[in-house]
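Asks: Under the numbering used here, the letters of the sequence shown match residues 40 to 366, in that order.
Let me give you the structure first, and then I'll get to my questions.
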Amino acid sequence: MRLKAEDIVLLILPLALLLLFLIRPKAPDTEKHPDLPETERRGPEITLTVYNPGKSLITEEKLEDYLVGVVAAEMPPSFELEALKAQAVAARTYALGRVEGYYGSTESHFGADICTDPGHCQAWISRERFLEVYGSEEDWDKIEQAVEETRNVVVTYGGILINPLYHSNSGGITEDAQEVWAISESVPYLQSVTGPDESSYPDYEKIQLYSWDEIVKKVKTRYPQAKFPEKVDMAIEAYTVSGRVDTIRIGSVSMPGTEFRELFGLRSTNISLNFPSPESVEITTIGYGHGVGMSQCGADALAREGYSYEDILKHYYLGVEVEEIMQ
Numbered sequence: 040m041r042l043k044a045e046d047i048v049l050l051i052l053p054l055a056l057l058l059l060f061l062i063r064p065k066a067p068d069t070e071k072h073p074d075l076p077e078t079e080r081r082g083p084e085i086t087l088t089v090y091n092p093g094k095s096l097i098t099e100e101k102l103e104d105y106l107v108g109v110v111a112a113e114m115p116p117s118f119e120l121e122a123l124k125a126q127a128v129a130a131r132t133y134a135l136g137r138v139e140g141y142y143g144s145t146e147s148h149f150g151a152d153i154c155t156d157p158g159h160c161q162a163w164i165s166r167e168r169f170l171e172v173y174g175s176e177e178d179w180d181k182i183e184q185a186v187e188e189t190r191n192v193v194v195t196y197g198g199i200l201i202n203p204l205y206h207s208n209s210g211g212i213t214e215d216a217q218e219v220w221a222i223s224e225s226v227p228y229l230q231s232v233t234g235p236d237e238s239s240y241p242d243y244e245k246i247q248l249y250s251w252d253e254i255v256k257k258v259k260t261r262y263p264q265a266k267f268p269e270k271v272d273m274a275i276e277a278y279t280v281s282g283r284v285d286t287i288r289i290g291s292v293s294m295p296g297t298e299f300r301e302l303f304g305l306r307s308t309n310i311s312l313n314f315p316s317p318e319s320v321e322i323t324t325i326g327y328g329h330g331v332g333m334s335q336c337g338a339d340a341l342a343r344e345g346y347s348y349e350d351i352l353k354h355y356y357l358g359v360e361v362e363e364i365m366q
């Protein structure tokens, strides 16, 4: 019996429909490897070159491993976990900003992306050294947790990695970046902000007593032609918006507060003067560091008030986004 074309279609159609239900569609690529290790699902790890001036050595490091050593060197492990997380994100952003060439110069560390000199980049400490001098295995685990739980998270402004400057103790108010460095434009996310009370931390206040002769001798190393009377003659001439010293006069010399701080090795430019006698000067400093960006003690104080690491970062860096980097 010869079948007509329409008869063949009628015979094949039910079979085709049956096959649609019996044959399972191919899973999309995103479901092909549900059992891959977590590290493989995150994508390739970022690496960077690190110059260690203490050892005159440049090494290639995995970013997240390097960050554990930075957080361990930059912030006490006794600080709250959310504060340590904020430090981890700031340190990651700082490092990647240097890798991308946004900030700093590689010339000072022989072409490496970053160095371990805290006076130039970020401090760093090995696990062995940390356990020997600063903390316990539990402390190191806590720092690793802070880095791991913020993996790939950075701070951006207008879609660009920020320059996340930070310091030890702000004295309760941070400084505008333009008041510290000779930069042509204001940095919108590095403005002065009021923070929590930081007076309970060891880095909050320091009082140093100098003789007038010591003051004169120190200033003459930089200004040999300056004139000084026999008795104390110095005064703060102007203050910044945050209450730090803008300019200070010693004898015939007026200098920026930042220069005065550097010359005398003071903790900050949040300075007050007292004169116990006509031949002596008492200098009190509040806070520790340049005062710009995130205060580490302030971050801990905010964390103790219940702030998350993201809240802390957005408090100290104005108008920023806290987000995962695209790899």
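Quick reminder that beta carbons are idealized off the backbone N, C-alpha and C, glycines included.
Could you check the C-alpha separation between V107 and I97 for me, to the nearest Å?
Replies: Taking the straight line joining both Cα atoms gives about 18 Å.
Asks: At the level of alpha carbons, what is the spacing between G358 and I351?
Replies: Cα to Cα, G358 sits roughly 12 Å from I351.
Asks: In this structure, does DSSP put A277 in helix, strand or coil?
Replies: In the structure shown, A277 sits in a strand (DSSP, three-state: E or B).
Asks: Taking the C-alpha atoms as reference points, what is the distance between D152 and N202?
Replies: Approximately 15 Å, taken between the alpha carbons.
Asks: Let's test the definition: count the other Cβ atoms within 10 Å of the Cβ of M40 and tell me whether it reaches 16, buried, or not, exposed.
Replies: At M40 the pLDDT is 41, less than 50, meaning the model places this residue with poor confidence and gives no usable figure here.
Asks: When burial is assigned at 16 or more other CB atoms within 10 Å of the CB, is K256 buried or exposed?
Replies: By the neighbour-count rule (16 or more Cβ atoms within 10 Å), K256 is not buried but exposed.
Asks: Beta-carbon within less than 6 Å of Y243's beta-carbon, same chain only, minus the 5 sequence neighbours each way: which residues are those?
Replies: Closer than 6 Å at Cβ, skipping near neighbours: N208, E237.
Asks: If you draw a straight line from the C-alpha of L52 to the C-alpha of E363, how long is it?
Replies: With a pLDDT of 40 at L52, under the threshold of 50, the predicted position of this residue should be treated as unreliable, and no value is reported.
Asks: Could you check whether the segment 109 to 116 touches the segment 166 to 183, counting it as contact only if at least three pairs of C-beta atoms, one from each stretch, sit closer than 8 Å?
Replies: Flag = yes, the segment 109 to 116 and the segment 166 to 183 touch.
Asks: First and last residue of the alpha helix (DSSP H) that includes K101?
Replies: Looking at the DSSP string, K101 is not in any alpha helix (DSSP H); the run it does join, the beta strand (DSSP E), is 96 to 101.
Asks: For S238, list the residues DSSP reports as bridge partners.
Replies: Note: S238 sits in no beta bridge, so no partner.
Asks: Under 8 Å by Cβ, that's how I've got R306 and G330 pegged, so tell me the actual separation to the nearest angstrom.
Replies: In fact, because the Cβ distance is near 10 Å, the residues do not count as touching under 8 Å.
Asks: Are the beta-carbon atoms of E214 and T279 separated by less than 8 Å?
Replies: Result yes, Cβ atoms of E214 and T279 sit closer than 8 Å.
Asks: What does the alpha-carbon distance come out to for the pair I212 and V361?
Replies: Roughly 22 Å between the two C-alpha positions.
Asks: Would G197 be called buried (16 or more neighbouring beta carbons within 10 Å of its own) or exposed?
Replies: Flag for G197 reads exposed.
Asks: Quick check: R190 and E103, are their CB atoms within less than 8 Å of each other?
Replies: Yes, they are a contact pair.
Asks: Around the C-beta of P235, are 16 or more other C-beta atoms found within 10 angstroms, so that it is buried, or is it exposed?
Replies: P235 should be labelled buried.
Asks: Contact between the segment 282 to 302 and the segment 247 to 264: three or more CB pairs below 8 Å?
Replies: Enough Cβ pairs lie closer than 8 Å, so yes.
Asks: Assuming contact is defined by CB atoms lying nearer than 8 Å, are E129 and V194 in contact in what I supplied?
Replies: In the sequence under discussion, the amino acid at residue 129 is Ala, which differs from the Glu named in the question. It is a contact, given that the beta carbons lie within the stated cut-off.
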